[in-house]
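In what follows, a single structure is set out as structure tokens and then discussed.
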Amino acid sequence: MKAAVIVFPASNCDRDVAVALAASMGRDPLMVWHRDADFPAVDLIVLPGGFSYGDYLRAGAMAARSPVMAEVIRRARRGVPVLGICNGFQILTEAGLLPGALMRNAGLAFVCRDVHIRVETTDSVFTRRYAKGAILRIPVAHHDGNYFADRATLEALEGDGRIAFRYVEPDGRVTAAANPNGAARNIAGIFNTTRTVLGLMPHPERLADPLLGGTDGRAMFDGLVEALA
Amino acid sequence: MSAITPALVAEHGLTPEEYARFRGFLGRDPTLTELGIVSVMWSEHCSYKSSKRWLRLLPTEAPWVICGPGENAGVVDIGDGRAVVFKMESHNHPSFIEPYQGAATGVGGIMRDVFTMGARPIANMNALRFGDPAHPKTRHLVAGVVAGIGGYGNCMGVPTVGGECNFHPAYNGNILVNAMTVGLAPADRIFYSAAAGVGNAVVYVGSKTGRDGIHGATMASAEFGADAEAKRPTVQVGDPFTEKLLLEACLELMRTDAIVAIQDMGAAGLTSSSVEMASKGGVGIELDLDRVPVRETGMTPYEIMLSESQERMLMVIRPERAELARAIFDKWELDFAIVGRITDTGRLVVRMRGAVAADIPVAPLVAEAPVYERPWVRSPAPPPVPADALARAPAIDAALRRLMGSPDLASRRWIWEQYDHMVMGDTVGRPGGDAAVVRIHGTRQGLAITTDVTPRYCQADPVEGGRQAVAEAWRNLTAVGATPLAVTDNMNFGNPEKPEIMGQFVGCIEGMSEACRALDFPVVSGNVSLYNETMGKAILPTPAIGAIGTLPDISFAMTVGFKRDGARIVVIGATRGHLGASLWLREIAGAEAGPPPPVDLAAERKAGDFVRGLIRDGRIDACHDVADGGLLVAVAEMALAGRIGAVLDPAPAGLHPAAWFFGEDQGRYLVTTGDADLLAARAAAAGVPVMVIGRTGGSSLTVDGAPPISLADLGTIHESWLPGYMAAEAGPVQTE
Amino acid sequence: MKARVHVTLKKGVLDPQGQAIAHALGTLGFAGVGDVRQGKYIEIELAETDRATARARVEKMCAQLLANPVIEDYAIEIAE
Amino acid sequence: MKARVHVTLKKGVLDPQGQAIAHALGTLGFAGVGDVRQGKYIEIELAETDRATARARVEKMCAQLLANPVIEDYAIEIAE
Ligand SMILES: Nc1ncnc2c1ncn2[C@@H]1O[C@H](COP(=O)(O)OP(=O)(O)O)[C@@H](O)[C@H]1O
Ligand SMILES: [Mg+2]
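Chains as they are written, first to last, in the working numbering: chain A, 674 to 902; chain B, 34 to 769; chain C, 7 to 86; chain D, 7 to 86.
Set out below in structure tokens:
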């Protein structure tokens, strides 16, 4: 499998996700600079976390309009899987590849902590290695993770099974207390209509190594390698 | 040009003698720009004129020190061709005026000091002191400072892995924001600031220069007209996005052979960076200010030389590499301008619009900078511990609850959750432990980092407090299993022109120096912040110590939480029940009195080496140093971290239970082990006192026959003070 | 020519920043404070000299970058 | 009664956000864009019915909470 990690100015989890990908793939992903709009064909495109363009104006807004994104959008429309983590998720919504928007956290403060998320569907290249309903412990680290969409969009996401993950208590209950940012319906991650584009706020790459205190994120990368090899 | 009047000289903070000395080697009246240059170079901040003589007492050498004080940051060798570059710096005053931006730009500044030397920052720390929680400004300051530190560090993608935070009324008018950055570089690729090579290009990179933070003292100068105030904000706004680009661009350029010397533009901007580079290299520098990228029109040479705009660097590069360098900065979309060249004249020559704005010989500007032997007096002995303090002691369990929810002991989770402490994917020991542990990327080696000082001890007895601050830092590194390596410091004090304040400074330095020598713990960098006084009221003497150590393998990294039921809890080091200057005395008995606990440096070292040995040999499964709040607070923290309770034996005969459980005797660790006999035997052989004080298990703490304290309750008390306090903050934090 | 752009949250979109301000004003003792909404205010210097062209151009800037139509509305004034 | 408050960075204070917007507009192909400055726009509903009193009150809100006079200016309009 070949993967590309897109690097925007002030992306800062690009190396982290490359390390996690390499551990699962057995080879390094391609790092693509935001101005290189013609990068080689790959089986997976990753938009990493960070603060592209300082998150100035709106998180992800400027990156979404950069030249490389036009190419990412083209490939996503052709079915190339795209994974957006944190800032990557924000970029995907700003670019229109995913519906809704990520607003300032309800608590207004940046939040970095381990949260629990529930796997809502295993029917995707990203979640196939998890069990449905599995509860994962994964860190979040963001200032703008408060998922918003209008009612009709939320209903459509629910109806189509396009909610990938929800914030839950360790025992799986969906509660306000388990929601770190005020996201609508505790949504932590969503798919596009073909489930080939996933955006999520938690960072699976941060708990994919036992020495760092957990491995719940690892199966996402292993699953991708298995599906796309 | 305005005449240089005595009033103008005074406004620039120069004494008549200092001015006469400057005029003497200049050989004529200075221009306004020259006066500005000398005023910042000879300011306390740049010249260390009050502290220099005393800083020399600190030991700065060891076989593993690659570069001690004098450069942008200290450098130590950690083996395998790698070096750690680190320093701590204050941004106290700006953070009081504008907490978000003040703290943010403080973080930005210290990161630049580290990457200037060729190191990629891999961890940030912060040591914070705020006023009384009940003071009307405190909440707002806490909210802004924490958001600002997070705002900058998070955007940079450097994890903020720890720090400290205290509250005391002495900081009501002068908070302390000390930020530390730790970076990693190849040991043979360290970059220094000494300029060299006549004809080499002087290059300016980064943000454009504005009228930021220009020396406040000069604002009244008639030269600037009536709108001077409006033109000159003294607080800078941080731009972490540009700094992130600057970091990546500099590191990219540092992989080539283009750079001869590099220096960040921090305090006093272009002035101090160019003077330092020229002075260290024994060369001259010519600057053409018409080429400096500016973001405002009509800037004068004075303003450009003194601007403190952030996110800028000055470099000396080989002219034949200029185009390569320019291409790298173009890629990162940053300004790049050749603004001057290196000369053999030994003079700083500044030109603008066809005129010479300054022409100063560099060597005397640096060599003749004033150094003062300020008068000082030894600090008086603290008031004695009230004789009836123990007689009025409340029950142990009640005291523990109060301490665990007190401002100085309550959980700091509310702070560290606003910091991305995991980015870079190498944070092994997250905030909340004795020292943070980060993995050296791509290896199994670990780096332990801590910041420590107990200002109430320094106030009671500066020498003992200075010793204790160093010893505690060393102990915290040891408690996670690391070998302590070196220290950076941030000396925060009041007005040095007062002999009693100078006495605190001298005392702390003496104590620190002694401890650093005894523990083989050299000081490789640091910063001095004086005049932390408002209306004659000084802060507590606060010599913050930042320190690092290494772990050969992160799988050794020890943590504080109890791991299992039925383990023996053992205290290592002697407990005498010292309550002077303790938190128990202050929070429970209501007295800030008594001498601080003495530090026995020989015993300290023995106990620490013993504990490190136990950790490396896999003989213990939890370890925590005993500090603020004493033994019982340490047990409670271990229990909460591991979600496992404990049953403790009563206090030994002859010691009051409050003294036993809350005394703050130094040089102690709590560990848990399954084999207490083996531990005792090893301790006897090593000559270290140890004592079993209880065992782990259950879901509560049972102390000395008192009713059990449920961990759930204790956890709520511990976790809720800070968020509860901050929930009443009257405002949305001003953010970016 | 200068354009002044107001970007505000759409009606019905929750505004945590505005709420925090309202709450804070209450805490500070300001009575009678109702709804508070926070938006962005952007000033843009334009080389353009024709008002209509300037407005059309800023309109495009808003649609393409300055506002997110999922959550935000915008209003443009052309000054001078 | 409704108050409209503009909080802007003082002249001379660096505005990284505005700078980044200007840069992004350039990248998107908008020519002739000069300085861009970003500020905050706050709308406050007030129970007050007297304009002068309302203004005085909002003036106080700005000084105490909404703006930091060290780096920001503010302007108040009272609507309706
Ligand atoms: N308290 C101190 N202890 C040891 N070294 C110090 C101390 N204060 C300053 N230094 C050293 O003096 C030099 C100048 O410090 P400073 O002016 O703060 O550096 P910078 O200009 O990089 O901010 C640095 O090398 C610093 O490490
Ligand atoms: Mg420096």
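Every residue gets a Cβ at the ideal spot worked out from N, C-alpha and C, and that includes glycine.
Alpha-carbon to alpha-carbon, residue j and residue i
i	j	result
GLY651(B)	GLY641(B)	15 Å
THR521(B)	LEU15(C)	47 Å
ILE726(B)	TRP754(B)	29 Å
ILE70(B)	VAL349(B)	20 Å
ASP113(B)	ALA660(B)	34 Å
ILE361(B)	ALA481(B)	34 Å
ALA253(B)	GLU44(B)	Caution applies to ALA253(B), whose pLDDT of 31 falls short of 50 and renders its modelled position unreliable; the model cannot decide the point.
GLU450(B)	SER558(B)	29 Å
GLU769(B)	VAL140(B)	Low confidence applies here, because GLU769(B) scores a pLDDT of 47, under 50, leaving its location unreliable and the question unanswered by this model.
TRP794(B)	GLU50(B)	Nothing about residue 794(B) can be read from this structure; chain B reaches only from 34 to 769.
VAL513(B)	PHE724(A)	32 Å
GLY315(B)	GLN478(B)	39 Å
PRO92(B)	PRO413(B)	27 Å
SER240(B)	ILE811(A)	37 Å
VAL470(B)	THR511(B)	12 Å
PRO352(B)	ALA234(B)	6 Å
GLY379(B)	ALA779(A)	58 Å
ASP272(B)	ALA428(B)	52 Å
LEU71(D)	GLU65(D)	10 Å
LEU41(B)	VAL73(B)	14 Å
MET287(B)	ILE99(B)	19 Å
Any chain A beta carbon closer than 7 Å to residue i
i	result
HIS73(D)	Before going on, a small fix: residue 73(D) reads as Ala here, not His. No, ALA73(D) does not count as interfacial toward chain A.
ILE77(C)	yes
ASN187(B)	yes
Beta-carbon spacing of residue i, residue j below 7 Å
i	j	result
PHE595(B)	GLY707(B)	no
THR729(B)	ALA679(B)	yes
PRO576(B)	GLY499(B)	yes
ILE27(D)	VAL42(D)	yes
HIS751(B)	MET437(B)	yes
ALA152(B)	VAL194(B)	no
PRO440(B)	PHE200(B)	yes
ALA881(A)	ARG868(A)	no
ILE679(A)	VAL705(A)	yes
ALA710(A)	PRO682(A)	no
PRO690(B)	ASP494(B)	no
ILE758(A)	GLY722(A)	yes
LEU573(B)	PRO488(B)	yes
GLU54(D)	ALA62(D)	no
ALA739(B)	THR705(B)	no
PRO326(B)	ALA370(B)	yes
SER615(B)	GLU547(B)	no
VAL898(A)	MET698(A)	yes
Proximity test, Cβ basis, 7 Å: residue i and chain B
i	result
GLY723(A)	yes
ALA734(A)	no
GLY18(D)	yes
Min CB distance residue i to chain C below 7 Å
i	result
ALA710(A)	no
VAL42(D)	yes
Chain D within 7 Å of residue i, Cβ atoms only
i	result
ILE48(C)	yes
GLN25(C)	no
MET776(A)	no
8 Å contact criterion, which residue i and residue j should meet: CB distance rounded
i	j	result
LEU765(A)	GLY872(A)	4 Å
LEU433(B)	ILE742(B)	7 Å
MET346(B)	LEU280(B)	Contact doesn't hold; Cβ gap of about 10 Å is too wide.
Taking only runs of the beta strand (DSSP E) that begin and end inside the region 116 to 188 of chain B, which ones reach a length of at least 3 residues, in chain order? For the region 116 to 188 of chain B, whole beta strand (DSSP E) runs of length 3 or above, ordered along the chain, are 153 to 163.
In chain order, which continuous runs of the beta strand (DSSP E) of length 3 or greater are located wholly inside the region 290 to 328 of chain B? Correct list: 292 to 297, 317 to 321.
What are the uninterrupted segments assigned as beta strand (DSSP E) that are 3 or more residues long and contained completely in the region 734 to 778 of chain A, given in chain order? 755 to 758, 774 to 776
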